[in-house]
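Inspection log for the structure reproduced underneath, given as structure tokens.
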Amino acid sequence: MLVGVVSDSHDNVDAIRRAARLFKDRGVELVIHAGDWVAPFSAKALREALGDGVRVVGVWGNNEGELLYFQKVASQFGVEILGYAGVVEADGRRIGVYHGTSDLLTEAMIRSGMFDVVVYGHTHRVDVRRVGRTLVVNPGELCGYLTGRRTAAVLDTAGLEAEVVDV
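Taken in order, the sequence shown gives residues 1 to 167; the numbers are from this note's numbering.
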């Protein structure tokens, strides 16, 4: 299964649409957003750009304001918000998702051995590596505001590999 991974979109609707186009072109079946969507209209933009048939799951980052309102509105667009952290099952793989606000908690998830993949964001920097049997994926920033790069990742659950793509 191919999984699209984004983080730190920070209301950049153009970048959200570009990532969705990439994911549709690649045949992605699931999209994971690792937080810092910021406003609910970002969830709406992602859902509309992807169309039906692609599951969208995400977590809160440190820039969403009204969390419960965000979750309520996102659910109206068919976007599942797991809270601050959560687990997604995909193709028999256990994927831990957390924004990454705390380095301690991020590293604890990575080193716990509980997950096949840990997805995080927050740093706005790409990080794809293995720690033991766990694949770590930080797709970098989708917004492009800090680094000048708009990046997303495509995770292949079969080979447990991730490719970072500029969008």
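Just so it is clear, CB atoms sit at the ideal spot from N, CA and C, and this is done for glycine as well.
None of the values given here were measured: they were computed from a predicted structure.
Cα atoms of ALA74 and GLY159: separation of roughly 31 Å, rounded to the nearest angstrom. For the 8 Å CB-CB criterion, VAL167 and THR151 form a contact. As a beta-bridge residue in DSSP terms, ILE81 pairs with GLY58. C-alpha of VAL31 to C-alpha of GLY53: approximately 11 Å in a straight line. Rounded to the nearest whole angstrom, the C-alpha separation of SER42 and ARG94 is 26 Å.
Take ASP11, set aside five residues on each side of it, and the residues of its chain with a beta-carbon closer than 7 Å to its own are VAL38, ALA39, SER42, in chain order.
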